[in-house]
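The opening position of the sequence shown corresponds to residue 5 in this note's numbering, with each subsequent residue numbered one higher.
For every residue, glycine included, the Cβ atom is placed at its ideal position computed from N, Cα and C.
Report on the structure given below.
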Amino acid sequence: MIKDKVVIITGASSGIGAATAKLLASKGAKLVLGARRADKLKQIVAEIEKGGGQAVFQELDVTIQSENDSIVKLAKKTFGRVDVVFLNAGLMPSSPLSALKTDDWHQMVDVNIKGVLNGVAAVLPTFLEQKSGHIIGTSSVAGLKAYPNSAVYGGTKWFVRDFMEVLRIESAIEGTNIRTATIYPAAINTELLGSISHQGTAEGMAKLYERFGISPDRIATVVGFAIDQPEDTTINEFTVGPANQPW
Ligand code: NJP
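Pasting the structure below:
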């Protein structure tokens with residue numbers, strides 16, 4: 005069920021995050037939105053409230069642990085708990101390795117990898133205490149398959165895939181009742197291509213997106229579907245030890 009769930013979304017100021025916030029709010033979820041562009045978040049919150057929904061926002065740079073901690077605190081202070089965190093913030097300044105855009109490499113590691121680690125570190129104590137919670141990560145088709153110009157971006161998304169899978173397995177072993185879902189988008193028409201500074205890559209991607217790009221609303225629907233699934237409490241019966249490993 006989506007109604008009344010308290011959902012934190014990182015990277016909520018545009019694209020997939022913004023579309024998901026609006027969809028979940030329309031289904032009765034209580035939204036806590038984070039990103040660096042507070043002006044955009046303010047507008048999205050106003051739109052949600054105008055439609056009768058509930059949402060608050062906080063300026064958030066996912067690379068800073070204390071800001072991830074404070075958005076969890078904001079959720080608990082405003083709505084009393086956290087049910088879901090959608091770790092969606094990400095960047096894709098792709099380029100061939102030979103272009104040596106090392107600042108871009110490090111920025112992708114900081115946001116796409118460390119941002120996810122910071123988000124999980126912030127919410128995990130609350131989920132362990134509640135004995136419930138849902139962590140949703142955004143990987144990519146580039147986290148499943150290798151693409152030229154995407155060594156570092158793809159690497160960060162392979163990381164998300166592995167990390168989310170281990171989180172799922174450990175949740176089952178430890179019986180924490182923490183649910184996970186990992187999203188693997190392909191070409192979604194958002195602001196993502198705006199961070200590409202390598203001209204050839206930018207032109208190639210623009211053509212690809214023009215041909216195959218789909219609306220972020222489609223990914224919002226997938227996230228909504230994941231949140232809407234009933235909790236499977238039977239898993240705890242199988243998490244007693246190595247003889248009964250449910251993965
Ligand atoms: O892109 P965009 P998407 N701290 O640029 C935020 C993945 N994905 O919706 O801080 C906090 O519209 C930024 O906010 P701001 C992709 O890798 C996409 O497509 O205000 N937030 C904005 O809200 C990413 O993980 C495609 O600038 C930070 C958001 O991130 C996710 O989908 C394909 C931040 C990015 O929104 C959402 O991206 C795929 C920071 N330090 C995976 N840095 C696709 N679009 O085709 C950035 O496979 N943000």
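{"query": "Buried or exposed by the 16-neighbour rule on C-beta atoms within 10 Å, applied to Gly19", "result": "buried"}
{"query": "Helix, strand or coil at Leu171 [DSSP, three-state]", "result": "helix"}
{"query": "Straight-line Cα distance separating Ala210 from Ala83", "result": "The identity of residue 83 in the sequence shown is Phe, whereas the question assumes Ala. Distance between the alpha carbons of Phe83 and Ala210: 40 Å."}
{"query": "Arg85 in three-state terms, based on DSSP", "result": "coil"}
{"query": "Any non-hydrogen atom of ligand 1 closer than 7 Å to Asn122 Cβ", "result": "no"}
{"query": "Sufficient close CB pairs (3 or more, under 8 Å) joining the segment 216-223 to the segment 39-48", "result": "no"}
{"query": "Reference Asn193, options Gly204, Ala185, Ala206 and Glu214, closest by Cα", "result": "Glu214"}
{"query": "Assumed close pair Ser175, Leu95 - CB separation to whole angstroms, cut-off 8 Å", "result": "Actually they are not in contact, since the Cβ atoms of Ser175 and Leu95 sit about 28 Å apart, beyond 8 Å."}
{"query": "Sequence ranges, alpha helix (DSSP H) only - wholly within the segment 39-87, length at least 4", "result": "42-54 and 69-83"}
{"query": "Buried or exposed (CB count within 10 angstroms, at least 16 for buried), Phe90", "result": "buried"}
{"query": "Ser144: CB within 7 Å of a non-hydrogen atom of ligand 1", "result": "yes"}
{"query": "Three-state class that DSSP yields for Thr205 in the structure shown", "result": "helix"}
{"query": "Contained alpha helix (DSSP H) runs [length at least 4] in the segment 105-178, N- to C-terminal order", "result": "106-112, 119-134 and 155-178"}
{"query": "Terminal residues of the beta strand (DSSP E) in which Ile13 lies", "result": "Val10 to Thr14"}
{"query": "Limits of the unbroken beta strand (DSSP E) element including Thr184", "result": "Ile182 to Ile187"}
{"query": "Buried/exposed call for Gln62, threshold 16 Cβ in 10 Å", "result": "buried"}
{"query": "Nearest-angstrom beta carbon gap, Lys7 and Gly32 [assumed within contact, 8 Å]", "result": "3 Å"}
{"query": "Of the residues Thr180, Ala25 and Asp73, the one placed nearest Ala126, counting alpha carbons only", "result": "Asp73"}
{"query": "Straight-line gap, Asp108 to Ser98 (C-alpha atoms, nearest Å)", "result": "8 Å"}
{"query": "Assigned secondary structure, Lys34 (DSSP; H/G/I helix, E/B strand, else coil)", "result": "strand"}
{"query": "CB of Ile13 within 8 Å of CB of Ala29, strictly", "result": "no"}
{"query": "With 16 other Cβ atoms within 10 Å as the buried cut-off, status of Lys77", "result": "exposed"}
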